[in-house]
Amino acid sequence: MPERNPETDVIDFRAAEQLLAARDPRGAVRLLDSVIAAHPENTAARLLRARAFFAAAQLRPAELEFELVLEREPDNAFAHFALARTFERSGHPERAVRHFRLAAALDPKPEYLRAARFDSP
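Pasting the structure below:
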């Protein structure tokens, strides 16, 4: 295995973005595992891995990664929205509502506002 350095980590991160865009989330996760092992504090890599887990229908790992991102960046509207979608997809709509509403409060994008359903209890 080639020696890891910051440049290879950036290359792997960018390649993981491309794999996710090409609908190969498992390939993206494999690349991001080594990036995160080298840089566990890298929130962008963790957010990308959470998205890849979600796309691969690995909902529990996605949930854990989104929660870790939110521990570090509680004002990350996208992470709240994605965590809500994860809860929704895993059959926990009551847990999803809180994060949909937080996402909409942090960033009033139409998609977030619709999902927040502020007009219902």
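With the UniProt record's numbering as the guide, the letters of the sequence shown map in order to residues 1 to 121.
Every residue gets a Cβ at the ideal spot worked out from N, C-alpha and C, and that includes glycine.
Note that this is a predicted model, so its numbers are computed, not measured.
Any C-beta of chain D under 7 Å from that of residue i
i: I36; result: The structure shown contains no chain D; it holds only a single protein chain.
Rounded C-alpha distance that separates residue i from residue j
i: R95; j: A82; result: 12 Å
i: R49; j: D119; result: 33 Å
i: E71; j: R60; result: 17 Å
i: H99; j: E3; result: 40 Å
i: P74; j: P93; result: 20 Å
Residue environment, residue i, which counts as buried when at least 16 other CB atoms sit within 10 Å
i: V35; result: buried
i: A57; result: exposed
i: P25; result: buried
Segment limits, alpha helix (DSSP H) that includes residue i
i: A104; result: 93-106
i: F118; result: First-last for F118: undefined, no H or E at that position.
Chain-order list of residues whose beta-carbon lies under 6 Å from that of residue i (same chain, five-residue window excluded)
i: A104; result: Y112, L113, A116
i: A62; result: A50, F53, F54, T86
Cutoff 7 Å; reference residue i; Cβ partners in own chain excluding five residues on either side
i: E88; result: A96
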